[in-house]
Amino acid sequence: MAKGAHLIDSPWDVATKDCAFFLDFDGTLADIAPQPDLVKVDPELVQILQQLQKACDGALAIISGRAIATIDHYLQPLKAATAGIHGAEFRFADGTLERAPVSQQDLARAKQLAQEFAGKHQGVLFEDKEISFSLHFRQAPQFEGQVEAFMTELVPARLSSYELQRGKKVIEAKPQGCNKGEAIRRFMAQPPFRGKQPVYAGDDVTDEDAFGVVNALRGLSVKIGEGETQAQLRLQSPAALQSWLQSLLVSGAPPAPSRITTVQGESVHE
Ligand SMILES: [Mg+2]
Numbered sequence: 001m002a003k004g005a006h007l008i009d010s011p012w013d014v015a016t017k018d019c020a021f022f023l024d025f026d027g028t029l030a031d032i033a034p035q036p037d038l039v040k041v042d043p044e045l046v047q048i049l050q051q052l053q054k055a056c057d058g059a060l061a062i063i064s065g066r067a068i069a070t071i072d073h074y075l076q077p078l079k080a081a082t083a084g085i086h087g088a089e090f091r092f093a094d095g096t097l098e099r100a101p102v103s104q105q106d107l108a109r110a111k112q113l114a115q116e117f118a119g120k121h122q123g124v125l126f127e128d129k130e131i132s133f134s135l136h137f138r139q140a141p142q143f144e145g146q147v148e149a150f151m152t153e154l155v156p157a158r159l160s161s162y163e164l165q166r167g168k169k170v171i172e173a174k175p176q177g178c179n180k181g182e183a184i185r186r187f188m189a190q191p192p193f194r195g196k197q198p199v200y201a202g203d204d205v206t207d208e209d210a211f212g213v214v215n216a217l218r219g220l221s222v223k224i225g226e227g228e229t230q231a232q233l234r235l236q237s238p239a240a241l242q243s244w245l246q247s248l249l250v251s252g253a254p255p256a257p258s259r260i261t262t263v264q265g266e267s268v269h270e
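Taking the numbering used here as reference, the numbering of the sequence shown is continuous, increasing by one, and the terminal residue is 270.
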């Protein structure tokens, strides 16, 4: 069994139509790209998600650090319920939109400072996500310490209602109290999610909150790729998740967790 992943004891006897699917985007549905705007989405994946959305009566949501508009762009023509910016913005299944309140003046000033910092450190990328922003150092790992120090000083000094979120080679400033676990709780309180069994897939430390919530709700948590996790299952890559989601459409039910093992990089259903 992969390090950090554990199996649940309770029997899993839930049909796909009775599941609520919550899916992270980067590193989960799509491979991580050298730059965030270079990510590629397999057109077949979009078709699978559309079919899955239908199969579970619309109880499918994307839970991402990206803005909702960006998720829509990559997954078009799919329009799923979505929590963007780690849950700082929501689109519910009925299309209702909601955003965390922010001080636009403080945010604009902090963004300007972060952009200036990126301009002075070659390879560090500034990403503007409207109500949040990030500094990426995937192409300049030597600046990790400086990015960390800069962002730690910037937030909360300049943005008192914000907090930092660390991800893979990225640090983001986002409204306080928004995380993927809370996003799932909010969706699960509303139709068409309410009463269904949550299934969550994610690849990063930002997904651990979501794994915790899904485990507490006796759902199924799936870690994509390597790393310590409290998820119950592990699949090796976005491609492996895509095949797994496709298999749910055929079989009509997620396989019981106790019969899934991770073997030499492949997830095997016994
Ligand atoms: Mg991710």
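Note that the Cβ used here is the ideal one computed from N, Cα and C, for glycine as well.
The beta carbon of ARG194 sits closer than 8 Å to the beta carbons of MET188 from its chain, once the five residues preceding and following it are set aside; these are given in chain order. By the Cβ rule, the segment 136-152 counts as touching the segment 160-175, because three or more pairs are nearer than 8 Å.
Within a 10 Å sphere around the beta-carbon of GLN76 sit fewer than 16 other beta-carbons, which makes this residue exposed. It is roughly 28 Å from the alpha-carbon of PHE92 to the alpha-carbon of LYS111. When rounded, the separation of the alpha-carbon atoms in LYS120 and PRO175 is 26 Å. If you look at GLU163, you'll find it in the beta strand (DSSP E) that goes 162-167. If you draw a straight line from the Cα of GLN197 to the Cα of ASP31, it is about 27 Å long.
For the pair PHE21 and TYR200, the Cα-to-Cα distance works out to about 6 Å. Every residue with a CB closer than 6 Å to a heavy atom of ligand 1 is listed here in chain order: ASP24, ASP26, GLY27, THR28, GLY202, ASP203, ASP204. A straight line joining the alpha-carbon of ALA114 with that of ALA33 spans about 22 Å. Looking from the CA of ALA157, the closest CA among GLY145, ASP106, GLN165 belongs to ASP106.
Inter-residue distance for GLY212 and LEU233 is about 13 Å (C-alpha atoms, whole angstroms).
When secondary structure is reduced to three states using DSSP, SER251 falls in the helix class. Short of 6 Å from the beta carbon of THR70, and not among the five residues preceding or following it, lies no beta carbon of its own chain.
In the structure shown, ILE32 falls within a coil segment according to DSSP collapsed to helix, strand and coil.
Counting of Cβ neighbours within 10 angstroms places THR82 among the buried residues, the total reaching 16 or more. The residue from GLY167, PHE25, ARG66, ALA253 with its alpha-carbon nearest to that of GLU148 is GLY167. A straight line joining the alpha-carbon of ALA240 with that of GLY252 spans about 18 Å. For the alpha helix (DSSP H) assignment, the uninterrupted runs of no fewer than 4 residues enclosed by the segment 181-244 are, from N- to C-terminal side, 208-216.
The criterion of a C-beta distance shorter than 7 Å is not satisfied by ALA59 and PRO254. The count of Cβ pairs closer than 8 Å, one atom from the segment 118-133 and one from the segment 88-103, reaches three, so the stretches are in contact. Per DSSP, LYS79 is not a residue of any alpha helix (DSSP H), being assigned neither H nor E.
PHE117 sits in a helix when the DSSP states are folded into three classes. Per DSSP, reduced to three states, the secondary structure at GLU44 is helical. Beta-bridge analysis with DSSP links PRO175 to TYR162.
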